[in-house]
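Report on one structure; see the data block that follows.
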Amino acid sequence: MRISVIIPVYNEGSLIEALVGWIQQHGGELVAEIIVCDGGSTDDTVAQATAAGAIVMNALQKGRAVQMNEAAAAATGDVLYFVHADTQPPANFSADIAAAVNEGYEIGRYRSRFA
104 MRISVIIPVY NEGSLIEALV GWIQQHGGEL VAEIIVCDGG STDDTVAQAT AAGAIVMNAL
164 QKGRAVQMNE AAAAATGDVL YFVHADTQPP ANFSADIAAA VNEGYEIGRY RSRFA
């Protein structure tokens, strides 16, 4: 199983590098890719996400749903995991997702607390 992590962003330059690094550090081999889909940021979000090693897409128009759908269409993983830029997934997120999929769950989510 491979997980595509999708992060829709707009002016998240101050947060995105740390989030991408956290996902890389804790996701392990289950994370196939981290896709950051930008909605036309006017700050350094794209540069920060690129420097952190994410795949960066520029959405055709701004809007979280549009950005998430465009990134999902481009994703190559077996499972899509959508993450807000101002949250931090649990350190064991990839193992949790794998366990849930192996138990037969088709959808799921964590409760979120935003920065």
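Positions 104 to 218 (our numbering) are the ones given, in order, by the sequence shown. We put the beta carbon where it would ideally sit given N, CA and C, even for glycine.
- Ranking Y213, A176 and V149 by CA distance to the CA of S107 puts A176 first.
- For M171, the three-state secondary structure derived from DSSP is helix.
- Restricting attention to F196, R167 and V112, the CA atom closest to the CA of A157 is found in V112.
- DSSP places V112 outside any alpha helix (DSSP H); the residue lies instead in the beta strand (DSSP E), whose first and last residues are I106 to V112.
- At the C-beta level, A202 and G211 stay beyond 8 angstroms of one another.
- Per DSSP, the beta-bridge partners of L183 are S107.
- The count of Cβ pairs closer than 8 angstroms, one atom from the stretch 164-173 and one from the stretch 124-142, reaches three, so the stretches are in contact.
- If you draw a 10 Å sphere on the C-beta of T148, you find 16 or more other C-beta atoms in it, and that means buried.
- Membership of E120 in the alpha helix (DSSP H) is indicated by the continuous run I119 to G130.
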